[in-house]
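Below: the structure, in C-alpha cells.
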Amino acid sequence: MKHFLLIAIAILVPTFRSLADSPLFPYPEAPETLGTMEEKCSYVIEHFWDRCNINQAFSSRTKMQQAFNDYIQIVPYANAETVHKSVDALIAKVAKNPKNLMVLAEMAEGLMYSDTARIICDEVYYPFAKAVADNKKIKDADKARFISQAKILGGSQVGMVAPDFTYVAPDGTKHNFSELPAGYVILFFNDPDCSDCMMARVRLSADYNIKQFIDRGQLHILSIYPGDPADEEWKEVVSRLPDNWIVGACADIDQLYDMRNPPVIYYINRKHKILSKSMTVDQLLNAFREINTRPAQTDQ
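The structure is reproduced here in C-alpha cells:
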C-alpha cells in the first residue's frame, strides 16, 4: 500500500521521484498537461521501461523485481489498450534472452496469477505465460506449467465463448455443456470437501432472486464437480442440491477452465459468451438483486 500511494503521488506531481532509494532506472514523469488519473497512469505505463537497459536489468534481480512490482501496481489505473501495448513491447525486448523471459514470467505469475497474487489479472498475465509457452528455446519440461496456464487462459477469458465439455450426471448419463436449454448460465465449479464451496452452495440455493430467474427459465445453474463421478462424497452432496440445478462431474475440466481458489464461478450469456469469471458469491448475489429490481434488459 505504501508503494502504491507513492506511485499515485509521483504521477500527480511533476517532480517524479523513484520509489526505491536506489532504483534500477529513473521512472517516467507524467506531464502536467494530462488531466485525469487514467491519462497520467497510461503515460507512465507507456513510457515506464524507456530508460531501462533490459540487457542489464536482470543482473540485479531484486531491483528488477521492485521495478516490475511498481509497474504492475499502476496497471489497474491505466487505459487497457495502452497496458496491452506496453506489456507486448516489454515481452518483445526480454524474449531475446529465454532465461530472462522465464524470470519475468515468474515475476508476473507471482504478482497476477498465483494464489497470493496482489492483483489478479488474467488478461494481463496471459501474454507472459504465452510468451514462455511459445518460446522454442525453452525446454518443455521447464515451461510445462506456463504451457498449461496459457492453454487454459487462452480459451476462458471474458468475452470468449465458453469451452464446451462433457459431464456425467448423478444418474450416470453423459451430457454436453453446449446442449443446455437457452438462458443465462451460472457455471459453478465446486468441491464436496471444500468449506467455502459448501457455503456457496447454501447461499446460491437459498437466494430468492436467483430462484426467480431459474423458475422463469431465464437462468440455469450448472454445478460441476471437477473430479470422479463415482466419488461417494460428491453423490452425497448432490442429493442435497436443489432439484432445479443441473449437476454433473467432469474429472478433466481443469484442462479447459481456470480452477484456482474454489469455488469458481463463471457467468455466461445465452450465446455462451463469458461475461464474468471468478466472481465471488457476494458479487453474484448482489448483481442478481440489482437485475431483479430493474426493467428487463436485452441480451448481451
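Numbering-wise (my numbering), the sequence shown opens with residue 96 and increments by one.
Beta carbons: idealized from backbone N, C-alpha and C, even for Gly.
Owing to the predicted nature of the structure, the values given are computational and were not obtained by experimental measurement.
Across the stretch 302-319 and the stretch 380-388, are there enough close Cβ pairs to call them in contact, namely three or more that are closer than 8 Å?
yes
In whole angstroms, give me the CA-to-CA distance for residue 247 and residue 199.
20 Å
By the DSSP assignment, the beta strand (DSSP E) with residue 272 in it spans what residues?
Taken as a continuous stretch (DSSP letters only), residue 272 belongs to no beta strand (DSSP E), as it is neither H nor E.
Classify residue 214 as helix, strand or coil using the three-state DSSP reduction.
coil
Is residue 121 near residue 146, with beta carbons less than 7 Å apart?
yes
Closest to residue 250 by C-alpha separation, out of 173, 312 and 221, would be which residue?
221
The beta strand (DSSP E) spanning residue 170 covers which residue range?
It is not in any beta strand (DSSP E) - residue 170 carries neither H nor E in the DSSP assignment.
Alpha carbon to alpha carbon, how far is residue 357 from residue 289? Give it in angstroms, no decimals.
8 Å
Inspect the beta-carbon positions of residue 363 and residue 275 and report whether they are closer than 7 Å.
no
By alpha-carbon positions, which one of 261, 293, 197 and 257 ends up nearest to residue 232?
197
Leaving out five residues on either side along the sequence, give the residues of the same chain with a beta carbon under 6 Å from the beta carbon of residue 328.
287
So the beta strand (DSSP E) residue 371 belongs to, where does it begin and stop?
369-372
Helix, strand or coil: how does DSSP classify residue 187 here?
helix
Mark residue 168 as exposed unless 16 or more other C-beta atoms lie within 10 angstroms of its C-beta, in which case mark it buried.
buried
Could you pull out every residue in the same chain whose Cβ sits closer than 6 Å to the Cβ of residue 367, ignoring the five residues on either side in sequence?
256 and 257
First and last residue of the beta strand (DSSP E) that includes residue 138?
From DSSP, residue 138 is part of no beta strand (DSSP E) but of the alpha helix (DSSP H) over 132-142.
Measure the alpha-carbon distance for residue 172 versus residue 132 and round it to whole angstroms.
7 Å
If you follow the alpha helix (DSSP H) that residue 300 is part of, which residue opens it and which one closes it?
290-301
Boundaries (first-last residue) of the alpha helix (DSSP H) holding residue 245:
239-248
Is the beta carbon of residue 170 less than 7 Å from the beta carbon of residue 139?
no
I'd like to confirm the pairing. Which residues does DSSP put opposite residue 45 in its beta bridges?
Nothing in the structure corresponds to residue 45, since the chain is present only between 96 and 395.
So what does residue 315 bridge to, in DSSP terms?
280
Would residue 271 be called buried (16 or more neighbouring beta carbons within 10 Å of its own) or exposed?
exposed
Which residues in the same chain as residue 163 place their Cβ atom closer than 6 Å to its Cβ, once the five residues preceding and following it in sequence are excluded?
202
Euclidean distance between Cα positions of residue 149 and residue 185
9 Å
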